[in-house]
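S.K.: Sequential numbering from 437 applies to the first sequence in the numbering used here.
No residue lacks a Cβ here, since even glycine has one placed at the ideal position from N, Cα and C.
Right, I'll just put the structure down here and ask away after.
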Amino acid sequence: MPELPEVETVRRTLAPAVGAKVSALWSSGLPLHMKRPLDVDALRRASVGASIEGVRRLGKYLLIDFSRRSDSVLVHLGMTGRLRLVRASEPRGAHTHVVWTLSGGRELRFSDPRRFGQVGVASRGAEREHPALRRLGVDPLAGELTGALLHLHALARRTQLKTLLLDQSIIAGIGNIYASEALWRAEISPTLRSYRLSRERADRLARAVVAVLRRALTKGGTSLRDFVDADGLEGNNAGYLSVYAREGEPCPRCKAAIRRKVIQGRATFYCPRCQRV
DNA sequence: AGACAAACCTGTCTGC
DNA sequence: TGCAGACAGGTTTGTC
């Protein structure tokens, strides 16, 4: 579900939790990401008794910082994960796996039916040494993504361009929806071999990636089924998708029928006429 | 190097 | 109505 715009939307809607003090932590005890059990003790040490100082985002990961604690809480939403700020009186839905009890009668809850998400801790100030964050590439919303950089990485690889876009060690935050959308916007075929990407098209693609992510963010993210922000609100970007999940519909640019093709095991949508190899 | 499949899980939708 | 199968926004791991 959540790619960079969705994760950033969650981060922003968690702002009202800043300053809240954590009094307790509960866990379902079920393992999350890759069947690894939650380190509940580490989570408690990092958060219980402290106040939330801020929430940061690295790629699709969220980092929650606490006062006077050397570890931050690390959250990845996986496919169906939700991080919600609710009143403690609100009923706890199924698939709730971690709950932080906050001051002011509120709770921060992590739920995830498929349990592909992650909740853990990372050393504050040395987050980048965490295995999950060590190899993250540039952040497209931080102005770090340039055509030159994208071109450099593309030249070094022979893979299909869409696969390159999904590689978090190059650009952190693009997922399956926005990979298709950015390639459509840049008018480049998802199957183009990376090393054949011209510098000019790399510039265009870099701009397209940023534009597509920025617009999605202004719409509060894309909700196709599961995504909601910390307040439980769905995003409004789904209606602005040009090709994703629109197989057979006319291309908004040239009216040719949009096609679906599996690349790297993931559904990929593109216009066969105006996206050229 | 890279393509591919499977694995981790549950829910939903489709077609018979 | 029931059931099987396909599919889902992510990441890791293993095989060829």
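1) Please report the residue range of the alpha helix (DSSP H) in which T599 lies.
2) For the beta strand (DSSP E) holding G556, just list the boundary residues, first then last.
3) Leaving out the 5 sequence neighbours to the left and right, which residues in its chain are closer than 6 Å to G573 when beta-carbon positions are compared?
4) Evaluate the contact criterion for the stretch 563-572 versus the stretch 514-534: three or more CB pairs, one atom per stretch, below 8 Å.
5) Examine the Cβ distances between the stretch 574-583 and the stretch 545-554 and report whether three or more of them are shorter than 8 Å.
6) For G495, is the classification buried or exposed, using 16 other Cβ atoms within 10 angstroms of its Cβ as the cut-off for buried?
7) Taking buried to mean at least 16 other C-beta atoms within 10 Å of its own C-beta, is T654 buried or exposed?
8) Around the C-beta of K691, are 16 or more other C-beta atoms found within 10 angstroms, so that it is buried, or is it exposed?
9) Run through the DSSP bridge pairs and tell me what H512 is partnered with.
10) Under 8 Å between the Cβ atoms of S506 and K457?
11) Can you tell which of L479, R550, F502 has the C-alpha that lies nearest to the C-alpha of A453?
12) Cutting at 6 Å between CB atoms, please list the residues of its own chain near S459, excluding the five before and the five after it.
13) Could you compute how far the alpha carbon of L557 sits from the alpha carbon of Y497?
14) If contact is defined by three or more beta carbon pairs under 8 Å, each pair taking one atom from either stretch, is the stretch 619-630 in contact with the stretch 639-652?
15) Round the Cβ separation of G684 and A693 to the nearest angstrom and send it over; I've been treating them as touching at under 8 Å.
16) Can you give the Cα-Cα distance for L479 and V509, rounded to whole angstroms?
17) When the distance is taken between beta carbons, is G657 closer than 8 Å to T449?
18) Three-state secondary structure (DSSP) at S459?
19) Measure the CB-CB distance between T532 and S464 and report whether it falls below 8 Å.
20) Where does H533 sit, in a helix, a strand or coil, going by DSSP?
21) Can you tell me which of the three DSSP states L619 falls into?
22) Consult DSSP for A703 and reduce its assignment to one of helix, strand or coil.
23) Extract the residue ranges of the alpha helix (DSSP H) inside the stretch 643-682, only unbroken runs of 4 or more that lie entirely within it.
24) Could you pull the DSSP bridge partners for E543 from this structure?
25) Taking its Cβ as the centre, do 16 or more other Cβ atoms sit within 10 Å of G675, making it buried, or is it exposed?
26) Taking DSSP's pairing of strands, which residues face R492 in a bridge?
27) When you compare the CB positions of Q596 and P576, do they come within less than 8 Å of one another, or not?
28) Who are A693's beta bridge partners in DSSP?
29) Locate the alpha helix (DSSP H) running through E444, then write down its first and last residues.
M.R.: For this structure:
1) For the purposes of this step, residue 599 is taken as residue 163 along the first sequence, with counting starting at 1. From DSSP, the alpha helix (DSSP H) with T599 extends over 597-602.
2) Here residue 556 refers to the residue found at position 120 of the first sequence. First-last of the beta strand (DSSP E) with G556: 554-559.
3) By 1-based counting over the first sequence, the position of residue 573 is 137. So the list reads S605, I606, I607, A608, once near-sequence residues are dropped.
4) no
5) no
6) In the first sequence, counting from the first residue as 1, residue 495 sits at position 59. The residue is buried, with at least 16 neighbouring Cβ atoms inside 10 Å.
7) Here residue 654 refers to the residue found at position 218 of the first sequence. So T654 counts as exposed.
8) For this step, residue 691 is matched to residue 255 along the first sequence. Its Cβ having fewer than 16 others within 10 Å, K691 is exposed.
9) Indexing the first sequence from 1 puts residue 512 at position 76. Answer by DSSP bridge pairing, in chain order: Y497, Q554.
10) Stepping through the first sequence from its first residue, residue 506 is reached at position 70. Stepping through the first sequence from its first residue, residue 457 is reached at position 21. No. Outside cutoff.
11) One-based indexing of the first sequence puts residue 453 at position 17. Comparing Cα-Cα distances from A453 to each of L479, R550, F502, the minimum goes to F502.
12) Within the first sequence, the letter at position 23 stands for residue 459. Same-chain partners within the cutoff: T537.
13) For the purposes of this step, residue 557 is taken as residue 121 along the first sequence, with counting starting at 1. For the purposes of this step, residue 497 is taken as residue 61 along the first sequence, with counting starting at 1. The question names Leu, but residue 557 in the sequence shown is Val. Approximately 12 Å, taken between the alpha carbons.
14) yes
15) Sequence index remark: in the first sequence, residue 684 carries index 248 (1-based). Sequence index remark: in the first sequence, residue 693 carries index 257 (1-based). G684 to A693, Cβ: 6 Å. Contact.
16) Numbered from its first residue, the first sequence carries residue 479 at position 43. Numbered from its first residue, the first sequence carries residue 509 at position 73. Rounded to whole angstroms, L479 to V509 spans 7 Å at the Cα level.
17) Along the first sequence, one-based indexing puts residue 449 at 13. Along the first sequence, one-based indexing puts residue 657 at 221. No, the pair does not count as a contact, with Cβ atoms beyond the cut-off.
18) Along the first sequence, read from residue 1 onward, the residue named residue 459 stands at position 23. Strand.
19) In the first sequence, counting from the first residue as 1, residue 532 sits at position 96. In the first sequence, counting from the first residue as 1, residue 464 sits at position 28. Yes, the Cβ-Cβ distance between T532 and S464 is below 8 Å.
20) Translated into the one-based positions of the first sequence, residue 533 becomes position 97. Of the three classes helix, strand and coil, the one that applies to H533 here is strand, per DSSP.
21) To locate residue 619, count along the first sequence from 1; it is residue 183. Here L619 sits in helix by DSSP.
22) Counted from its first residue, the first sequence places residue 703 at position 267. Three-state result, A703: strand.
23) none
24) The count along the first sequence starts at 1 and reaches residue 543 at position 107. Beta-bridge pairing links E543 to V522, T537.
25) Taking the first residue of the first sequence as 1, we reach residue 675 at position 239. With fewer than 16 other Cβ atoms within 10 Å, it is exposed.
26) The residue given as residue 492 occupies position 56 in the first sequence. Its beta-bridge partners are L499.
27) The count along the first sequence starts at 1 and reaches residue 596 at position 160. The count along the first sequence starts at 1 and reaches residue 576 at position 140. It is not a contact, given that the beta carbons lie outside the stated cut-off.
28) For the purposes of this step, residue 693 is identified with residue 257 of the first sequence, where counting begins at 1. DSSP, once it has assigned bridges, lists P686 as partnering A693.
29) For the purposes of this step, residue 444 is taken as residue 8 along the first sequence, with counting starting at 1. Taken as a continuous stretch (DSSP letters only), the alpha helix (DSSP H) holding E444 covers 440-449.
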